[in-house]
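Numbering (this note's numbering), first residue to last: 834 to 1277.
I have placed the structure first, in the form of C-alpha cells, so that the comments after it can refer back to it.
The structure is reproduced here in C-alpha cells:
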C-alpha cells in the first residue's frame, strides 16, 4: 500500500475567521466586503454553530422586554442581523415574532440558516474550509500570525494579518496562551439537547396553554407531579415549546443535562461532552413520551430530530480589556465604545426551573474592549466567548447579539489590516460610527 504523501499546505489571507456561527459568518462577510481576503474555518460541513448544530433554533435578543402583554414587538437590534433575517424570510425560513415571556423571539429553519450563510459568504468572496479543525497557532512573541489546522487533505498553516476567534469556546485564545476563564470559578451552565417534535396539533396546544412559548404553571405542575410519582425522569419542569416554520412541528427546549455525579457538565472535557450527548438523547425520549401521554395536541407526536450536538451555553471565555459586568446588564449600561445592543434577559439554567432576570423597556451595550485580548496582538474574539461575568454572559451569548459582535469585529479587522495598526489601538467609538453607516442604528 502506498504511503500517505500529504505535506503541509501554506496559505495566507488578510483575515482568518475560526468558527462559522452567527459571529463568525458576520465577521467574515463584513471583513470581505471591506476588501480583505478572508478565510473561514469550520469543523462541521455547514455554518450555524449553536443555532444549527446545537439546534437552538431561535434568533433571540432582537426585541425589548415589557410588562405590557399587549405591546407589539419593539426591535432594537439592527445591522447585519437585518440582512440575515431578510434572506431567511425570503426563503420561508423564519417565523413571525412569537411570545417569549415578556419579550419575543423568532424561530428559524436550521436548513435555511445554513443555505443563507452559504449565500452571503459566497457572494462576499469568503473562502470557506468546511471539515477543518484548528490544532495550534503560529506566533511571533506575543503576536498571533495565524493557525495550524487539519483536514482530510493534510496539515494546513494558515497565516493572516488578523485572526478572529469565533469558535464559541475561545479555542484560539487558549492555544495562543492568552488570558481566559471558565464560568463562575470553573462552574458553567448546563448543556441541553434541543429537539424537534412532529405530528403535533399546534393549534390545539397553544389554544390550551396560551400563546407564550414558555409553558404555563399548568404544564410545570404536571411535570413535577409525574416526576414525584416516579413515572418519568424529567429533570427540568419549566419548558419552552416553539412553533416552527413547518406545519405540525415544535422546537422543544426542555432538557436539563446534569452529570451522573451531580455536576454541571463542562463540554471542554471530552468525557463530559460525551456524557452530555448520551444523557441528552435519553432525556429527549423521556420528554417525548411525557408529551404524548399528557400534553394536549401531542397525542400523535414523534421525535423528528435532535441537535447534531448538545447545545452549549457556556465554556471558556476570552479575557478582554473589559469584562462585561452583571451590573452592566441589569442596569442597562451604555458605553462610548458600545458596538452592540442587547435587550435580552439573564437566563441562568440550574435546578428544576431556569431563573430569568428581565431588563424592561431598555437595553444595555457591549463595548468593543470585551473582544480585545488583555494582552497580545493579531487576535480578536467574537461570539459567546466574549469577556463577561457569569451572569452577564447568560444574557449576552444569544444569536442576535452574536451577529452584532461579528459585524463589529469584522469591521475592526478591516481597519487594522488596511491601516496596518494593532486592533487594540482602534477606538471603539470609531467602530461604532462605522457600524452605524452599515445600518446598526446604535445612536437612534
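Idealized CB from N, CA, C, for every residue including glycine.
Since the model is a prediction, treat every value here as computed from it, not as a measurement.
Same chain, Cβ closer than 6 Å to residue i, five either side skipped, listed in chain order
i            : result
residue 1259 : 1245, 1248
residue 1075 : 940, 1046, 1084
residue 928  : 939, 940, 1078
residue 834  : Since pLDDT at residue 834 reaches only 36, below the 50 mark, its modelled position is unreliable, and no value is offered.
residue 1274 : 911
residue 1146 : 1022
residue 1257 : 1205
residue 1035 : 1076
residue 1234 : 894, 1173, 1175
residue 1169 : 1262
residue 867  : 1247
CA nearest to the CA of residue i, picked from the options
i            : options                : result
residue 1007 : 1161, 1150, 1274       : 1150
residue 1026 : 935, 1194, 1068        : 1068
residue 921  : 905, 947, 1221, 906    : 947
residue 1228 : 1176, 1052, 1252       : 1176
residue 990  : 944, 857, 1137, 968    : 968
residue 1240 : 1188, 1190, 1174, 1254 : 1174
residue 935  : 1088, 1044, 1210       : 1044
residue 1028 : 1270, 1114, 1264       : 1114
residue 1064 : 1220, 1111, 1120, 1030 : 1120
residue 1159 : 1197, 1144, 1129       : 1197
residue 1138 : 878, 1212, 889         : 889
residue 1012 : 1207, 1144, 1094       : 1207
residue 907  : 931, 924, 926          : 931
residue 945  : 884, 1192, 1088, 984   : 884
residue 1016 : 1238, 1224, 915, 1277  : 1224
residue 1161 : 1104, 1250, 1222, 1194 : 1222
residue 843  : 986, 1277, 1024        : 986
residue 875  : 855, 926, 892          : 855
residue 1122 : 1060, 892, 942         : 1060
residue 954  : 909, 880, 1226, 1019   : 880
residue 909  : 943, 887, 937, 1058    : 937
residue 1080 : 942, 1251, 1270        : 942
residue 1268 : 1255, 1253, 1254, 1238 : 1238
Bridge partners - residue i, DSSP secondary structure assignment
i            : result
residue 1226 : In the DSSP output, where bridge partners are listed per residue, residue 1226 has none listed.
residue 841  : 988
residue 1163 : None; residue 1163 has no bridge partner.
residue 998  : 851, 1214
residue 1180 : 1189
residue 1173 : 1199
residue 846  : 993
residue 887  : Bridge partners of residue 887: none, in fact.
residue 941  : 927
residue 965  : None; residue 965 has no bridge partner.
residue 1030 : 1083, 1136
Distance CB(residue i)-CB(residue j) smaller than 9 Å
i            : j            : result
residue 862  : residue 980  : no
residue 1033 : residue 1134 : yes
residue 999  : residue 1214 : yes
residue 894  : residue 1156 : no
residue 1001 : residue 1218 : yes
residue 917  : residue 1236 : yes
residue 882  : residue 853  : yes
residue 1171 : residue 1199 : yes
residue 1143 : residue 1109 : yes
residue 850  : residue 871  : yes
residue 1088 : residue 1117 : yes
residue 1276 : residue 897  : no
residue 1265 : residue 1202 : no
residue 949  : residue 924  : yes
residue 1072 : residue 1024 : no
residue 1092 : residue 1105 : yes
Supposed contact pair residue j and residue i - C-beta distance, whole angstroms, cut 8 Å
i            : j            : result
residue 982  : residue 996  : Not confirmed; about 11 Å, so no contact.
residue 869  : residue 847  : 4 Å
residue 1041 : residue 1130 : 7 Å
residue 1152 : residue 1220 : 6 Å
residue 1148 : residue 1099 : 7 Å
residue 957  : residue 865  : 4 Å
residue 900  : residue 1193 : 6 Å
residue 860  : residue 1243 : 4 Å
residue 1250 : residue 994  : 4 Å
Close Cβ partners of residue i (< 7 Å) along its chain, the five nearest in sequence each way excluded
i            : result
residue 1010 : none
residue 1055 : 1127
residue 1190 : 1163, 1178, 1179
residue 878  : 963, 964
residue 1124 : 1030, 1131, 1134
residue 978  : 971, 972, 992, 1211
residue 1003 : 1013, 1149, 1150, 1151, 1214, 1218
residue 1272 : 911, 912, 915
residue 984  : 962, 964, 965
Other residues of its chain near residue i: CB distance less than 8 Å, five sequence neighbours each side excluded
i            : result
residue 1038 : 1074, 1083, 1128, 1129, 1130, 1131
Cβ-heavy atom distance, residue i to the ligand ATP, below 8 Å
i            : result
residue 1041 : With respect to small molecules bound, the structure shown includes none, and the ligand ATP cannot be examined in it.
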